[in-house]
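Trainee: Numbering (my numbering), first residue to last: 4 to 423.
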Amino acid sequence: MFYCILSMSAAHLHQYDNNTTISFEYQARALSQLSTDLSTTCILPSQPTHQEQESTELSGPSQTTLVKDELLLGIILLGMTSAWNDASSPGYSHLIGSRVLFKSWVTMNRLNTANTASTMTDIQRFIVSSMVYWEALSSFVVDQRTEDLAYLDCLANQHWTGTITPSPWTGVATPIFIHLAKVGSLMRKKRALRSISLFRDSEVYRDALYFQLVEDARALEQAILGWRVPFVSLIEDTGDPRAPPKHFWGLARCYRLVAFIELYRAFPEIVENQSGLTIPGCESAAPGGDYHNPLILSLAFGVLDILKNILSDSSTLPVQGLALVAAGSVLGRVGSPEKATLDHEVMEWRAFVRERMVLLHSFVGLRPVKHAAIMIEEAWTRMDALVDSNSGFEFDGNMLSDSVHWMDIMIEKRLETILG
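#1: According to DSSP, simplified to helix, strand and coil, what is residue 174?
#2: Distance check for residue 100 and residue 65, CA to CA, integer angstroms please.
#3: Based on the DSSP output, what are the partners of residue 167 in its beta bridges?
#4: Can you confirm whether the segment 351-368 touches the segment 331-342 when touching is taken to mean that 3 or more C-beta pairs between the two stretches lie within less than 8 Å?
#5: Where does the unbroken alpha helix (DSSP H) through residue 219 begin, and where does it stop?
#6: With DSSP collapsed to three states, give me the class of residue 316.
#7: Using 7 Å as the cut-off, classify the Cβ of residue 106 as near or not near the heavy atoms of the ligand ADP, replying yes or no.
#8: Does the count of Cβ pairs from the segment 174-189 and the segment 97-112 closer than 8 Å reach three?
#9: I'd like to know whether the C-beta atoms of residue 223 and residue 266 end up nearer to each other than 8 Å.
#10: Assign residue 408 to one of three DSSP states: helix, strand, or coil.
#11: Round the Cβ separation of residue 379 and residue 418 to the nearest angstrom and send it over; I've been treating them as touching at under 8 Å.
#12: Would a C-beta distance cut-off of 8 Å place residue 183 and residue 258 closer than the cut-off?
#13: Can we say the segment 157-172 touches the segment 124-137, given the rule of at least three CB pairs closer than 8 Å?
#14: Rounded to a whole number of angstroms, what is the C-alpha to C-alpha distance between residue 84 and residue 14?
#15: Would DSSP call residue 342 helix, strand or coil?
#16: My guess is that residue 29 and residue 16 are in contact by the Cβ rule of under 8 Å, so how many angstroms apart are they, rounded?
#17: State the DSSP-derived secondary structure class of residue 421, mapped to helix, strand or coil.
#18: Could you tell me the distance, in whole angstroms, from the CA atom of residue 297 to the CA atom of residue 226?
#19: Whose CA, out of 243, 247 and 105, lies closest to the CA of residue 237?
#20: Write down the C-beta distance between residue 75 and residue 421 rounded to the nearest angstrom, noting that I regard them as a contact closer than 8 Å.
#21: Is it right to say residue 198 is buried, meaning 16 or more other beta carbons lie within 10 angstroms of its own, or is it exposed?
#22: Beta-carbon separation of residue 191 and residue 146 under 8 Å?
#23: Rounded to a whole number of angstroms, what is the C-alpha to C-alpha distance between residue 241 and residue 347?
#24: How is residue 246 classed by DSSP in three states: helix, strand or coil?
#25: Would you report the Cα separation of residue 36 and residue 137, rounded to the nearest angstrom?
#26: By the 10 Å Cβ neighbour count, where 16 or more other Cβ atoms means buried, how is residue 374 classified, buried or exposed?
#27: Expressed to the nearest angstrom, what Euclidean distance is found between the alpha-carbon atoms of residue 157 and residue 249?
#28: Does the Cβ-Cβ distance between residue 363 and residue 305 come in under 8 Å?
#29: With distances taken between CB atoms, is the gap from residue 77 to residue 123 smaller than 8 Å?
#30: Can you grab the Cα-Cα spacing for the pair residue 270 / residue 415, in whole Å?
#31: Going straight from the alpha carbon of residue 316 to that of residue 326, what length do you get?
#32: Flag residue 123 as yes if its beta-carbon sits less than 8 Å from any beta-carbon of chain C, otherwise no.
As structure tokens, then:
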């Protein structure tokens with residue numbers, strides 16, 4: 004853990020002088036120490052296979068070593084901050100190993116049973132939120148099966164009783180970040196379907212796979228709709244004057260809307276013919292006036308309105324990056340005189356996103372923040388070009404989501420990074 008923290012600190016301190024030697028040196032020491040610790044750690048599978056059960060019966064019970072909190076947290080932090088040294092590194096190799104350790108750690112601490120959220124210790128809550136936050140951010144960068152995230156389901160279905168202690172990563176919305184991880188996975192699986200064209204009847208095969216993705220998206224939508232943001236009065240005060248309970252409450256609402264934005268952009272079929280659809284927490288987010296109000300833009304306005312009401316010097320600023328990218332990248336102009344009021348509002352929100360991204364960079368620094376800003380600006384440039392060229396674009400409520408998406412820009416320009 005000591006060398007993990009030193010590596011993170013060095014990466015942050017030397018980001019402007021390009022002296023990465025010190026950071027990599029501490030990172031190497033951390034990896035060496037973690038390897039030593041892992042060699043003495045016996046990991047029990049949460050569900051032993053038939054062969055493993057027979058082996059245990061023949062050889063007798065083996066002595067096991069618990070997965071130490073420090074070991075698991077060290078690997079999580081090292082992988083999560085890989086992008087601090089190399090912005091293009093999602094730390095996926097660390098993520099695979101962390102999953103194995105985390106599953107065993109959850110089982111050993113009996114956190115996979117119903118309603119254990121309220122009985123977790125502070126360090127357990129921190130480890131859980133760290134792993135979940137990492138999975139959520141990685142899901143938008145790494146191609147993987149949605150089933151790979153199923154091990155988090157036991158934590159998504161937890162119900163709190165009494166006050167809730169917020170985490171610096173996920174706040175009071177750990178279940179939402181679990182759902183968000185699955186949203187990111189579905190988005191990348193949808194994009195992977197574009198490459199299926201190398202054999203006969205590929206279109207039929209793609210349609211069948213896409214239909215399954217839509218069904219998975221519908222189920223995920225219901226899970227997100229079923230989660231309710233805790234009351235502010237139930238959120239414990241951390242003692243940080245720059246992170247009061249209201250800020251964590253706002254972030255929970257914010258990332259719930261972010262999950263809807265990305266889910267509906269990827270799978271618009273979910274909301275077709277649902278003119279009366281109402282998203283709790285976004286009722287007042289719709290722009291005023293008598294013009295057509297698309298759902299995606301309304302959700303984006305809702306996210307940005309929440310962030311605007313969280314003070315710019317809030318301690319929660321470092322975890323606002325993904326929300327700014329998701330909501331900011333859909334701020335496309337309409338380009339028609341009849342909707343000049345909407346265009347004006349869009350430009351005002353663009354100015355807010357730019358300002359908040361500048362603050363985020365000055366507060367956190369690091370190249371991943373620059374990558375996020377490039378994605379947003381490029382999305383605006385492309386949407387504006389389509390509108391200005393009158394290339395058959397019609398304002399259909401999806402804000403060019405099929406033509407311009409930050410994930411496609413990220414992949415095309417090789418800007419893949421952990422947006423947090």
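Here a beta-carbon is modelled for each residue, glycine too, at the ideal position from N, C-alpha and C.
Mentor: Result, derived from the coordinates:
#1: Note: residue 174 maps to strand in three-state DSSP.
#2: Low per-residue confidence applies at residue 65: pLDDT is 40, beneath 50, and the placement is therefore not dependable, though the value from the model is reported in the following sentence. The straight-line gap from Cα to Cα measures roughly 22 Å.
#3: Paired residues: 238.
#4: Contact between the segment 331-342 and the segment 351-368 is established, with three or more Cβ pairs separated by less than 8 Å.
#5: First-last of the alpha helix (DSSP H) with residue 219: 205-228.
#6: In the structure shown, residue 316 sits in coil (DSSP, three-state: anything other than H, G, I, E or B).
#7: Ligands are entirely absent from the displayed structure, and the ligand ADP is therefore not among its contents.
#8: When Cβ pairs closer than 8 Å are counted between the two stretches, the segment 174-189 is seen not to touch the segment 97-112, the count staying below three.
#9: Yes, the Cβ-Cβ distance between residue 223 and residue 266 is below 8 Å.
#10: In this structure, residue 408 counts as coil in the three-state DSSP scheme.
#11: The pair is not a contact, with the Cβ atoms about 11 Å apart (cut-off 8 Å).
#12: At a Cβ-Cβ threshold of 8 Å, residue 183 and residue 258 count as neighbours.
#13: Touching, yes.
#14: Cα to Cα, residue 84 sits roughly 9 Å from residue 14.
#15: Three-state DSSP puts residue 342 in a helix.
#16: Taking 8 Å as the upper bound for CB-CB distance, residue 29 and residue 16 are not in contact here, some 11 Å apart.
#17: Correct three-state label for residue 421: coil.
#18: Looking at the two C-alpha atoms, the distance is approximately 23 Å.
#19: The shortest Cα separation from residue 237 among 243, 247 and 105 belongs to 247.
#20: About 19 Å separates the Cβ atoms of residue 75 and residue 421, ruling out a contact at the 8 Å cut-off.
#21: So residue 198 ends up on the exposed side.
#22: Yes; because the gap between Cβ atoms is below 8 Å, this pair is in contact.
#23: Roughly 39 Å between the two C-alpha positions.
#24: Looking at residue 246 - three-state DSSP - the assignment turns out to be coil, as it is neither helix nor strand.
#25: Straight through space, the alpha carbons of residue 137 and residue 36 are spaced by roughly 22 Å.
#26: Looking at its Cβ environment, which holds 16 or more other Cβ atoms inside 10 Å, residue 374 is buried.
#27: Spanning the two alpha carbons is a distance of roughly 27 Å.
#28: With respect to the 8 Å criterion, residue 363 and residue 305 are not classified as neighbours on the basis of their beta carbons.
#29: The answer is no: Cβ separation not under 8 Å.
#30: Put simply, the backbone Cα of residue 270 is about 21 Å away from that of residue 415.
#31: So the two alpha carbons sit approximately 17 Å from each other.
#32: Reference to chain C is not applicable here, since this structure consists of a single protein chain.
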